[in-house]
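In terms of my numbering, the sequence shown opens at residue 138 and continues consecutively. Quick reminder that beta carbons are idealized off the backbone N, C-alpha and C, glycines included.
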Amino acid sequence: MNPEALSFANGALSVGAQPTKIRKILQDKFGSNLISKDLINMKQKLTGNLEDDWSNAVRFLDSLQQDPNNVVKVLHDTAIFVQLEKQRELYKMYGKV
Numbered sequence: 138m139n140p141e142a143l144s145f146a147n148g149a150l151s152v153g154a155q156p157t158k159i160r161k162i163l164q165d166k167f168g169s170n171l172i173s174k175d176l177i178n179m180k181q182k183l184t185g186n187l188e189d190d191w192s193n194a195v196r197f198l199d200s201l202q203q204d205p206n207n208v209v210k211v212l213h214d215t216a217i218f219v220q221l222e223k224q225r226e227l228y229k230m231y232g233k234v
């Protein structure tokens, strides 16, 4: 793929364009014959690995949990609940809103 086409594809993918539409433009404008899976892989490379996001989330939640006044509860594959000390104080003062 020529550098101009690659630059276009990376720019479009980084702002959330659909790989199938990018594929058509690449084919029409640049004569590039990529399959959609190639573009999806390029998008994944640009956005990063979700495993990194999860690792960052775990570190952040762990840092919140170090404060004994915070409550952090993680239900595997379902939900994450966080109640900071300030939120607990407000709930004690006002109850349900």
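Supposed close pair residue i, residue j - CB separation, criterion 8 Å
| i | j | result |
| --- | --- | --- |
| Val208 | Leu198 | 11 Å between Cβ atoms; not a contact. |
Strand pairing of residue i, partner residues [DSSP]
| i | result |
| --- | --- |
| Ala216 | Leu212 |
Residues near residue i in its chain [Cβ-Cβ closer than 6 Å; skip 5 each side]
| i | result |
| --- | --- |
| Val211 | Ile217 |
| Met138 | Ser169 |
Distance CB(residue i)-CB(residue j) smaller than 8 Å
| i | j | result |
| --- | --- | --- |
| Pro156 | Lys182 | no |
| Leu171 | Leu150 | no |
Closest residue to residue i among the options (Cα-Cα distance)
| i | options | result |
| --- | --- | --- |
| Ser169 | Pro140, Glu222, Asn193 | Pro140 |
Own chain, CB closer than 7 Å to residue i, minus 5 neighbours either side, in chain order
| i | result |
| --- | --- |
| Asp204 | Glu222 |
Any C-beta of chain C under 8 Å from that of residue i
| i | result |
| --- | --- |
| Lys161 | Note that chain C does not occur in the displayed structure, where there is just one protein chain. |
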